[in-house]
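Numbering (my numbering), first residue to last: -19 to 187. Comments concern the structure below.
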Amino acid sequence: MPLEKKDLIILPITDEMRNTARYVAEKRYLFEYPRIGYGSYEKETHINKIITGILGELVFLEYIFNYLDQQYGAFKPEERWIILHKKVCFSYSIVIGKFDNGFEFKVKDKTIDIKTYENNKVSINQIFKGLKLNGRPLNLFVDKNQVSNADYYVQVFLLSDEKNACLAGYSVGLPQLADWMPNPAYTKTVPDLEPMIKILDEFKNYD
């Protein structure tokens, strides 16, 4: 069943997120590898690209934190620690100074990579109908030349209202390779993604 607008998760981008993303991006910039075909590496331009990616990660973190807090926040600290560290086994890694392992998040034995659309801030209509509203939905993109070891790939969009971000959905494993593109990538249209709510099953404490 195709993913629909009602399946999208919309969350606010807070000032804390913006400040954190800029701080990390300014430090990470020094170590970035200038890949050919990916636009300007002029300092402020590229820092803004890094900020976009980190914001996507922080919005996903907020989504997962809210769920885990709702499920386990009222537990006694010792019991909560055992559940989150020994059973859910959640982690988020911010990497500076080296290549990452192809993912930012881990839960149990599953890894999650966050992909944030960096070229434009978009509307909900554009997500499903294209930037020019031509009826062709936007895509999850996973660059062929990047390390791609994740179990799940989550697509995030920053919205044109400048206040919110959209967790659109996720792919289980790598999508099909579009090798005809100038920068070949594994792609899947948003309607073909899994709804975000399903990924929460990985964060449940199954005894």
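All residues carry an ideal CB built from backbone N, CA and C; glycine is no exception. If you're wondering where the values come from, they're calculated on a predicted model, not measured in any experiment.
Within its chain, find whatever has a CB closer than 8 Å to the CB of residue i; leave out the 5 residues flanking it on each side and keep chain order.
i	result
residue -18	171, 172
residue 60	52, 53
residue 175	-17, -13, 149
residue 98	29, 32, 33
Can you tell me whether DSSP reads residue i as helix, strand or coil?
i	result
residue 158	strand
residue 50	helix
residue 166	strand
residue 1	helix
residue 188	This structure does not reach residue 188, given that the chain is present from -19 up to 187, and the question cannot be answered.
residue 141	coil
residue 116	coil
residue 33	helix
residue -18	coil
residue 22	coil
residue 80	coil
residue 105	helix
By a C-beta neighbour count over all protein chains shown, 10 Å radius and 16 as the cutoff for buried, is residue i buried or exposed?
i	result
residue 25	exposed
residue 50	exposed
residue 1	buried
residue 79	exposed
residue 143	exposed
residue 177	exposed
residue 153	exposed
residue 120	buried
residue 13	exposed
residue 23	exposed
Which residue or residues does DSSP assign as beta-bridge partners of residue i?
i	result
residue 69	Note: residue 69 sits in no beta bridge, so no partner.
residue 149	135
residue 86	71, 91
residue -9	145
residue 122	166
residue 174	150
Kindly list the residues whose CB is nearer than 7 Å to the CB of residue i, restricted to its own chain and excluding five residues on each side of it in sequence; keep chain order.
i	result
residue 27	5, 6, 9
residue 182	87, 88, 90
residue 140	101, 102, 103
residue 72	41, 84, 85
residue 116	110
In chain order, what residues of the same chain lie with their CB nearer than 6 Å to the CB of residue i, ignoring the 5 residues before and after it?
i	result
residue 155	166, 167, 168
residue 76	7, 8
residue 118	107, 170
residue 138	101, 145
Between the options, which lies nearest to residue i when the distance is taken from Cα to Cα?
i	options	result
residue 131	105, 93, 2	93
residue 74	150, 38, -11	38
residue 146	31, 103, 184	103
residue 45	56, 31, 64, 58	64
residue 184	115, 113, 69	69
residue 32	-2, -14, -11	-2
residue -9	98, 30, 22, 36	36
residue 128	135, 82, 47, 67	82
residue -6	13, 34, 114, 58	34
residue 179	23, 48, 3, 22	48
residue -11	157, 151, 136	136
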